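In our numbering, the protein residues as written are 3 to 280.
In structure tokens, the structure reads:
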């Protein structure tokens, strides 16, 4: 399997994207922004379709649209975009724009499948280089602002009281999230990008309360899901995106079951302790 160049490229690109999504996903969950990742994926789809219409690299279009929308959302305030009606309208508009650009483009049929469901098995060496640069950039920025971002994400009241630049942190994180989303669309597609953005982090959150371990677990779960998805996709000829989503979903429900079992065990132990004390 790894004798093929396209599989080597797929594993390298998939691993880079998975690591990045697993790390940033912890902060997405902590800040309550899964809906923003979902919104960025649709906006990125529209941007990529616009780029195809112009005949330029789809990644450039995705970055342009998602980064611009991150700045707009950051300026207007995230609370406004938490409303279901607002999100629905935005998703509908950009999905419609994407379909319009694809209709005007001569690459409609292949482009729709690629943008919606990803093209990880068709990643070129040039794409790998671009993804590597963006992944390193996002991870570097996360490391650089780790303390402030962690404080603001997990204790926003304390961060505000400490005088941290809350608005700046919020806009900077939205920009990072927009870049990460545009990058992830290349691998898993616009419809399923929030799978890698949220599911591994939600799984890790069920398994540990330590933030550092949460990030490591989330990245590990994300990478394992992508690797298994690539292997199953290669041997079955089925969409890789489906297998990645299915594997990550299995991990999440397994962690949910483990969390419920652990809570029940703790409750029973407390009950036994109280009974013996009486």
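Glycine is no exception: its CB is placed at the ideal position from the N, C-alpha and C atoms. Predicted, not measured: the structure shown is a model, and the values here were computed from it.
Separation of residue j from residue i, as counted between CA atoms
i           : j           : result
residue 124 : residue 165 : 47 Å
residue 190 : residue 46  : 13 Å
residue 155 : residue 199 : 16 Å
residue 130 : residue 153 : 33 Å
residue 51  : residue 31  : 28 Å
residue 251 : residue 90  : 24 Å
residue 13  : residue 234 : 13 Å
residue 134 : residue 187 : 14 Å
residue 103 : residue 63  : 12 Å
residue 263 : residue 59  : 48 Å
residue 7   : residue 237 : 16 Å
residue 99  : residue 66  : 15 Å
residue 139 : residue 4   : 27 Å
residue 37  : residue 197 : 12 Å
residue 239 : residue 245 : 11 Å
residue 101 : residue 78  : 27 Å
residue 267 : residue 212 : 21 Å
residue 157 : residue 56  : 44 Å
residue 256 : residue 207 : 13 Å
residue 11  : residue 247 : 20 Å
residue 132 : residue 260 : 38 Å
residue 9   : residue 49  : 27 Å
residue 97  : residue 74  : 18 Å
residue 168 : residue 161 : 8 Å
residue 253 : residue 230 : 12 Å
residue 33  : residue 265 : 24 Å
residue 148 : residue 192 : 27 Å
residue 151 : residue 258 : 26 Å
residue 163 : residue 35  : 22 Å
residue 146 : residue 241 : 36 Å
Proximity of residue i and residue j at Cβ, strictly below 8 Å
i           : j           : result
residue 42  : residue 144 : no
residue 182 : residue 61  : no
residue 122 : residue 218 : no
residue 44  : residue 93  : yes
residue 126 : residue 22  : no
residue 28  : residue 216 : yes
residue 205 : residue 226 : no
residue 249 : residue 17  : no
residue 72  : residue 176 : yes
residue 194 : residue 243 : yes
residue 202 : residue 220 : yes
residue 141 : residue 25  : yes
residue 171 : residue 76  : no
Bounding residues of the alpha helix (DSSP H) (the contiguous stretch that carries residue i)
i           : result
residue 231 : 213 to 238
residue 161 : 158 to 163
residue 177 : 168 to 190
residue 198 : 195 to 209
heavy atom of the ligand PLP below 7 Å from residue i C-beta
i           : result
residue 155 : This structure simply doesn't include the ligand PLP, nor any ligand for that matter.
| task | Just list the alpha helix (DSSP H) runs in the stretch 49 to 103, keeping only unbroken ones of 4 residues or longer that don't cross its boundaries, in chain order. | result | 60 to 78
| task | Return the chain-ordered ranges of every alpha helix (DSSP H) run that is complete within the stretch 119 to 143 and spans a minimum of 4 residues. | result | none
| query | Curious, which full-length beta strand (DSSP E) runs of at least 3 residues does the stretch 3 to 55 contain? | reply | none
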